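To start, the structure itself, in structure tokens.
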Amino acid sequence: MATLLLRRVGHHCLRAHLSPPLYIRNWSLPMAMSICHRGTGVALSAGVSLFGLSALLLPGNFESHLELVKSLCLGPALIHTAKFALVFPLMYHTWNGIRHLMWDLGKGLKIPQLYQSGVAVLVLTVLSSAGLAAL
């Protein structure tokens, strides 16, 4: 009898979850932006590390690699798209980081303000990314 009870309790404990999985939850804008902020932080850190390692390990200098890219004769649309894709995570992480700093000051913590600041971050990210990619 005791083993049956322990088996039942143990089975129940194995099925109990502390929180529901992500696919059950309704995603909100602040939740998605928080996950993207962490992702862009990791991506930027990895990108800077790989760029530094490649500068140390690959033969040649920056000018020779720049000439290699120029010799590929890529169209301006592809170059602009690549520049936009490179600068977008940086701009998103910067603007969202400023948003987080405002939260640290205790400003913008009400639910409507969270959504307004989230939309503002997304708009500023796209505009500043497009502007920097156009340079």
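Take 903 as the starting number for the sequence shown in our numbering and just add one per residue. Every residue gets a Cβ at the ideal spot worked out from N, C-alpha and C, and that includes glycine. Only a predicted model underlies this, so the values are computations on that prediction, with no experimental measurement involved.
- request: Could you tell me the distance, in whole angstroms, from the CA atom of Leu980 to the CA atom of Ala1022?
  value: 27 Å
message: Here's the rule I'm using: 16 or more other beta-carbon atoms within 10 Å means buried, otherwise exposed. How should Gly1020 be labelled?
response: buried
message: Assuming Val989 and Ala1035 are in contact, meaning their beta carbons sit under 8 Å apart, how far apart are those beta carbons, in whole angstroms?
response: 6 Å
- prompt: Given that a residue counts as buried once 16 or more other Cβ atoms are within 10 Å of its Cβ, and exposed if not, what is Arg940?
  reply: exposed
query: When burial is assigned at 16 or more other CB atoms within 10 Å of the CB, is Met933 buried or exposed?
result: exposed
- prompt: How is Cys862 classed by DSSP in three states: helix, strand or coil?
  reply: The requested residue 862 does not occur in the structure, where the chain is confined to residues 903 to 1037.
message: Considering only the alpha carbon of each residue, which of Cys938, Tyr994 and Arg1001 lies closest to Ser1030?
response: Tyr994
task: Assign Arg927 to one of two classes, buried (16 or more other C-beta atoms within 10 Å of its C-beta) or exposed (fewer than that).
output: exposed
- prompt: alpha helix (DSSP H) containing Gly941: first to last residue?
  reply: Leu931 to Leu959
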